[in-house]
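**Q** To start, I am sharing the structure in question, which I have written as structure tokens.
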Amino acid sequence: MTMPQILSVRGRIAAEQLATKLAQQATQALIDEARLSPKPGLVDSRGSGAHQDLTLALMERSAHSLTSTFYALALHSFQRPADIALRQEVGCLGREGEARMMQATGGVNTHRGAIWAMGLLVSAIAMQPEKDTPQAIARCAAKLASLPDAFCPKRFSKGSHAVQRYQVSGAREEAQRGFPHILDLALPQLRDSRVKGATESQSQLNALLAVMTRLADTCVLSRGGMPALQAMHAGSRAVLSAGGTQTAAGRVQLQALEKRMLSDNASPGGAADLLAATLFLDRVSLA
3 MTMPQILSVR
13 GRIAAEQLAT
23 KLAQQATQAL
33 IDEARLSPKP
43 GLVDSRGSGA
53 HQDLTLALME
63 RSAHSLTSTF
73 YALALHSFQR
83 PADIALRQEV
93 GCLGREGEAR
103 MMQATGGVNT
113 HRGAIWAMGL
123 LVSAIAMQPE
133 KDTPQAIARC
143 AAKLASLPDA
153 FCPKRFSKGS
163 HAVQRYQVSG
173 AREEAQRGFP
183 HILDLALPQL
193 RDSRVKGATE
203 SQSQLNALLA
213 VMTRLADTCV
223 LSRGGMPALQ
233 AMHAGSRAVL
243 SAGGTQTAAG
253 RVQLQALEKR
263 MLSDNASPGG
273 AADLLAATLF
283 LDRVSLA
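Under my numbering, think of the first position of the sequence shown as 3, with each following residue one higher.
Pasting the structure below:
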């Protein structure tokens with residue numbers, strides 16, 4: 003066996019090991035987000051929030067159905083440059099994963115947005131395994147997300163309709179800008195809360211709320227319009243201004259926010275996707 007062949011075998015082993023690790027971490031991040039409680043308007047360990055068609059068991063089944071997709075994304079992206087060929091492969095693998103997810107959930111959209119965000123981040127880490135800071139990973143993901151995918155179907159979705167109707171940025175723009183709601187809000191809040199003595203669950207809830215203070219969440223806009231989005235922003239800021247979910251005053255504000263979101267039938271699904279991506283980035287950058 004020649005040296006290039008040896009290196010090729012070694013490279014394949016390294017790629018498979020990294021892909022297995024990333025797939026497991028991405029799946030666990032989705033499960034951790036789903037189980038986190040109490041989340042206003044979202045599925046959690048208490049119940050279905052503002053949803054009629056979602057349960058925690060369904061969310062967990064959906065997450066497990068995506069493990070093979072994350073594995074394939076990492077394997078195909080291993081040490082490759084960000085070019086159109088890879089962008090099209092990533093898009094194809096993501097759509098195949100979405101189809102498996104829909105089959106696992108009986109046609110219920112549980113993690114479509116998460117496939118986009120998490121899939122890009124998984125691919126970005128595999129593309130440059132030596133660059134493991136959240137900032138470097140997000141920059142690489144943004145470069146990939148900004149490339150065209152000629153095979154992406156032009157289809158209507160509630161999210162795209164909300165983007166057009168309210169003239170806001172959606173999940174695509176969030177990725178193309180390098181996930182600013184993660185790097186500037188969620189990840190700093192998560193780590194700062196830990197330093198200040200909050201429990202891990204409280205820290206994760208604070209990170210979710212940090213995203214909810216600013217994100218133009220198309221899930222909320224689709225369900226409750228601009229008044230619901232403005233109420234989410236204000237209510238989330240009130241929780242954090244009161245000291246966060248680790249304080250009694252913060253928990254009172256959190257209950258008020260949840261009551262308002264349920265009355266609006268609003269669920270911050272976009273913020274939840276970004277929280278899952280935050281937990282993933284946090285885990286891989288601290289490993």
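Backbone N, C-alpha and C fix where the C-beta goes; we use that ideal spot for every residue, glycine too.
None of these values were measured; they are calculated from a predicted model.
Do Ala268 and Ala36 count as a contact pair if the criterion is CB distance below 8 Å?
**A** Result no, Cβ atoms of Ala36 and Ala268 do not sit closer than 8 Å.
**Q** Can you tell me whether Asp34 is helix, strand or coil according to DSSP?
**A** Looking at Asp34 - three-state DSSP - the assignment turns out to be helix.
**Q** Would DSSP call Asp55 helix, strand or coil?
**A** The answer is coil: DSSP assigns Asp55 none of H, G, I, E or B.
**Q** From this set, Ala65, Ser148, Arg193, which residue's C-alpha is nearest Phe181's C-alpha?
**A** Considering only alpha carbons, the answer is Ser148.
**Q** What alpha helix (DSSP H) runs, 4 residues minimum, are completely inside the stretch 186 to 233?
**A** Correct list: 189 to 197, 202 to 214.
**Q** Looking at the unbroken alpha helix (DSSP H) that takes in Arg48, where does it start and where does it end?
**A** Segment: none, Arg48 is in no alpha helix (DSSP H) and carries neither H nor E.
**Q** Quick check: Ala128 and Leu242, are their CB atoms within less than 8 Å of each other?
**A** No. Outside cutoff.
**Q** To the nearest whole angstrom, what separates the beta carbons of Leu68 and Met103, a pair I think is in contact under 8 Å?
**A** Sure, about 6 Å apart at Cβ, within 8 Å.
**Q** By the DSSP assignment, the alpha helix (DSSP H) with His78 in it spans what residues?
**A** Per DSSP, His78 belongs to the alpha helix (DSSP H) from 69 to 79.
**Q** Are the CB atoms of Val213 and Leu122 within a distance shorter than 8 Å?
**A** Against a cut-off of 8 Å, the Cβ pair of Val213 and Leu122 comes out as no contact.
**Q** In whole angstroms, what is the alpha-carbon distance linking Glu176 and Thr249?
**A** If I take the Cα positions, the gap works out to 31 Å.
**Q** Would you call the CB atoms of Asp219 and Pro270 closer than 8 Å?
**A** Yes; because the gap between Cβ atoms is below 8 Å, this pair is in contact.
**Q** Confirm, please, whether the CB-CB distance from Ile33 to Ala65 is below 8 Å.
**A** Closer than 8 Å, so yes.
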